[in-house]
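Number of protein chains: 2
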Amino acid sequence: MSRQTVSNALVHPERLKAPTLEKVQSVIAELGYRPSSAAQSLRSQRTGAVGFELLAIGSANRNEIIYPFTVALSEMAIGHNCHVVTFSAAGAQSPTEGYEDMIRAQVVDAFIIADTHKGDPRPAWLDKAGVPYAAFGRVWGRPDITSWADVDGAAGLRDATNHLFAVGYAQGGYLGWPFGSSIGDERRRGWIEATTASGRSLGPEAQAEQDLDAATDAAYDLIEQVGRGGAIACASDLLAMGVERAARRRGWVPGRDVGMTGIDDSSYAGMLKLTSVSQPVTTIADYLLGLVHKRLEGGPPPESGALFRPALVTRASSDPNT
Amino acid sequence: MSRQTVSNALVHPERLKAPTLEKVQSVIAELGYRPSSAAQSLRSQRTGAVGFELLAIGSANRNEIIYPFTVALSEMAIGHNCHVVTFSAAGAQSPTEGYEDMIRAQVVDAFIIADTHKGDPRPAWLDKAGVPYAAFGRVWGRPDITSWADVDGAAGLRDATNHLFAVGYAQGGYLGWPFGSSIGDERRRGWIEATTASGRSLGPEAQAEQDLDAATDAAYDLIEQVGRGGAIACASDLLAMGVERAARRRGWVPGRDVGMTGIDDSSYAGMLKLTSVSQPVTTIADYLLGLVHKRLEGGPPPESGALFRPALVTRASSDPNT
């Protein structure tokens with residue numbers, strides 16, 4: 001078998017006869033051959049890598065999602081024939097400095113961005129630089145940008161609320177964040193929609209910042225209002241943890257005397273046996289990697305962003321039988 | 323300025339006169355030029371990347387450390403003129419399959435490995451493959467392997483125990499994991515050493531698995547034994563969380579009536595205001611990246627592994643004045 005034959009099999013398979021091609025391919029497979037990433041890069045002018053920025057400082061709540069998402073990206077990359085380069089621009093002067101560095105060093109072809117927020121300068125900057133990207137999280141305030149996937153928080157709260165009614169709790173209250181947060185308002189909408197659709201009137205509600213003492217204090221009065229046999233849907237696992245603590249402080253057993261649900265299925269939700277809503281990070285990572293590769297191949301952006309439904313994880317805090 | 327002059331400045335700077343070289347370099351700097359990673363790879367036969375495997379499934383406790391460590395690696399990579407490629411071999415048939423894939427695809431030059439354990443096949447496999455690596459965590463049972471850095475758990479518990487005595491708690495008990503875990507036994511040794519060095523006799527101790535209900539039950543009796551005004555040093559944040567819950571169940575205020583400390587400075591330690599011991603992940607990431615680069619340049623392995631001292635983070639659970 002000549003060197004040229006092997007080279008043709010790899011680069012110009014159409015030049016070989018079928019039996020020759022098959023023979024070469026079987027030997028290649030046997031040897032466990034995979035093309036060199038550096039040689040492929042040179043040929044395609046691509047690095048085969050997608051960059052993902054890890055922020056050094058984040059709330060515990062955020063990190064509970066970003067770590068599983070990073071794992072999911074790394075896992076899904078194989079199927080997209082690429083790899084993930086994580087970067088973190090500690091002490092950067094601007095939110096785009098890390099991206100600038102990665103582009104200059106030609107380490108990645110595209111980016112997945114997370115932690116999108118109102119006024120986020122990264123999408124416009126990347127568009128201008130002509131670098132494909134896709135966002136985990138809506139690009140708030142920029143409806144023209146459609147390269148994103150997000151979790152349907154309203155659907156998550158609808159599922160949690162419906163579950164509480166299905167288990168048989170008499171009343172479903174709500175503990176949310178102070179009004180005006182996009183994510184919080186959307187989750188609250190899910191609680192309202194599910195309650196209304198069930199023909200019930202809205203239960204009592206309260207607000208607390210994402211702080212355990214504040215949540216516990218707010219929950220203490222709230223569980224008094226829903227009463228024994230009632231339940232509280234919460235905008236986050238931390239708020240649900242506050243409800244759990246308030247219940248124990250009253251001597252009520254979570255699940256049996258008062259139900260509660262959180263969101264994000266964080267590590268402490270598992271520890272405390274809190275029912276929660278798990279973000280579909282694997283599906284989202286796969287979708288976003290597909291999206292940037294379509295852009296790299298010259299395809300148009302999608303017609304709209306994509307919302308993915310989270311999955312309810314039932315635990316003892318909303319169902320004493322589990 | 324000719325193309326050849328610029329090329330010489332980049333590849334053969336010795337061919338140019340000093341003033342010419344300086345002029346070219348200043349223009350290059352002004353343009354923000356950085357050499358292309360792919361072109362450099364071809365020249366050096368290096369990818370400039372270090373691989374780091376992210377396990378899809380891990381205990382919450384583990385993830386609380388691995389995520390900050392991943393961020394630290396990504397941050398420190400810049401200073402080592404390399405980047406970090408994360409990978410995750412979901413559904414792999416063997417613990418080395420993901421490494422094999424990364425080597426075949428020539429995506430990385432070296433690896434940082436974590437989650438080392440007794441009988442870990444990766445070090446021997448990587449040695450045989452001739453691929454440099456450095457480990458976050460001792461390679462238990464293989465004292466001949468020295469390319470590792472780890473946290474000095476005994477020092478962490480010594481610091482926590484000394485802190486409890488310095489604050490003025492009358493007695494210092496201990497809540498640990500069942501005997502026989504390498505990490506747990508080492509942490510317990512720190513508690514014994516600090517207590518003995520202070521001239522006190524050992525306080526009461528108990529064991530619990532890494533489970534919140536088990537920890538809370540074990541702690542309920544233990545805090546009765548140390549009594550009001552005593553304190554409990556714990557082998558983990560989760561065990562300390564159990565002590566906190568047991569204290570509240572008795573109506574005791576954490577910090578004021580009974581003190582407690584954890585280890586790892588996890589997200590819930592912050593939420594619950596638990597004094598804890600923070601792992602020096604940035605220092606360790608920097609050390610390990612330096613280590614693999616020395617090996618890549620042909621240097622010998624270090625004479626011994628390196629232990630880094632964690633830092634005490636004081637919160638209300640061990641000091642009502644904070």
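As given, the protein sequences belong to chains Z and P, one line each in that order. The C-terminal position of the first sequence is numbered 322 in my numbering, with every residue numbered one higher than the one before it. The C-terminal position of the second sequence is numbered 644 in my numbering, with every residue numbered one higher than the one before it. The C-beta atom is built at its ideal place from N, Cα and C for all residues, glycine as well. The structure presented is a predicted model; accordingly, all values stated were derived computationally and were not measured.
- In the three-state scheme derived from DSSP, where H, G and I count as helix and E and B as strand, Ser278(Z) is classed as strand.
- By the Cβ-count criterion, Asp472(P) is buried, with 16 or more other Cβ atoms from all chains shown falling within 10 Å of its own Cβ.
- Three or more Cβ pairs closer than 8 Å define a contact, and the region 210 to 219 of chain Z meets that threshold against the region 231 to 250 of chain Z.
- Residue-level contact by beta carbon holds for Val406(P) and chain Z, with a gap shorter than 7 Å.
- For Glu53(Z), the secondary structure class from DSSP, reduced to helix, strand or coil, is strand.
- Within the model, the alpha-carbon separation for Gly549(P) versus Ala569(P) is close to 11 Å.
- Going by C-alpha positions, Asn403(P) is about 15 Å away from Arg617(P).
- Using beta-carbon distances, Leu618(P) does not count as an interface residue toward chain Z, since no partner is under 7 Å.
- Against chain Z, the beta carbon of Ser410(P) has neighbours under 7 Å at Val71, Ser74 and Glu75, listed in chain order.
- Closer than 9 Å at the C-beta level to chain P, one finds these residues of the region 234 to 267 of chain Z: Leu238, Met241, Arg245, Arg248, Arg249, Ser266 and Ser267.
- Ranking Pro390(P), Asn484(P) and Asn385(P) by CA distance to the CA of Val603(P) puts Pro390(P) first.
- By the CB criterion at 7 Å, Leu175(Z) and Leu222(Z) fall inside the cutoff.
- Cβ-Cβ distances below 6 Å link Gly259(Z) to Leu164, Tyr169, Ala231 and Ser318 in the same chain, with the five nearest sequence neighbours on each side left out; the list follows chain order.
- Sequence-distant Cβ neighbours of Pro526(P) in its own chain, meaning closer than 7 Å and more than five residues away, are Gly495, Leu544, Gln547 and Val548.
- Pairing Gly463(P) with Thr438(P) gives a Cβ-Cβ distance that is not under 7 Å.
- In the three-state scheme derived from DSSP, where H, G and I count as helix and E and B as strand, Trp499(P) is classed as coil.
- Of all residues in the region 185 to 212 of chain Z, only Leu212 come within less than 7 Å of chain P when Cβ atoms are compared, listed by chain position.
- Under the DSSP definition of a beta bridge, Leu611(P) lacks any partner.
- The Cβ of Leu222(Z) sits no closer than 7 Å to any Cβ of chain P.
- Counting only residues of its own chain and dropping the five nearest sequence neighbours on each side, Ala394(P) has a CB closer than 7 Å to the CB of Val603, Thr604 and Ala607.
- Apart from the 5 residues on each side of it in sequence, Ser558(P) sits with its Cβ closer than 7 Å to the Cβ of Asn383, Gln532, Gly584, Ile585 and Asp586 in its chain, given in chain order.
- The residues Thr468, in chain order, have a CB closer than 8 Å to that of Ser626(P) in the same chain once the five nearest residues on each side in sequence are set aside.
- Contact between Ile66(Z) and Ala114(Z) is confirmed by a C-beta separation of about 6 Å, below the 8 Å threshold.
- If you draw a straight line from the Cα of Leu288(Z) to the Cα of Gly251(Z), it comes to about 46 Å.
- Taken in chain order, the whole alpha helix (DSSP H) runs of length 4 or more contained in the region 214 to 241 of chain Z number zero.
- Taking each of Glu386(P), Asp431(P) and Ala411(P) in turn and checking the Cα distance to Thr369(P), the smallest one comes out for Asp431(P).
- Assignment of Leu21(Z) by DSSP, reduced to helix, strand and coil, places it in the helix class.
- At the C-beta level, Ile505(P) and Gly475(P) come within 7 Å of one another.
- Across the structure, Arg571(P) and Met398(P) are spaced so that their CA atoms are roughly 44 Å apart.
- Note on Leu376(P): 16 or more other CB atoms within 10 angstroms of its CB, so buried under the neighbour-count rule.
- Contact between Arg309(Z) and Ala90(Z) fails: their C-beta atoms lie close to 36 Å from each other, not under 8 Å.
- For Tyr389(P), the residues of chain Z that pass the 7 Å Cβ criterion are Asn63 and Tyr67, in the order they occur in the chain.
- At the C-beta level, Phe433(P) and Gly420(P) stay beyond 7 Å of one another.
- Straight through space, the alpha carbons of Lys128(Z) and Trp447(P) are spaced by roughly 45 Å.
- Not a single CB atom of chain P sits nearer than 7 Å to the CB of Leu291(Z).
- Below the 7 Å Cβ cutoff, chain P contributes Leu534 as neighbours of Leu272(Z), in chain order.
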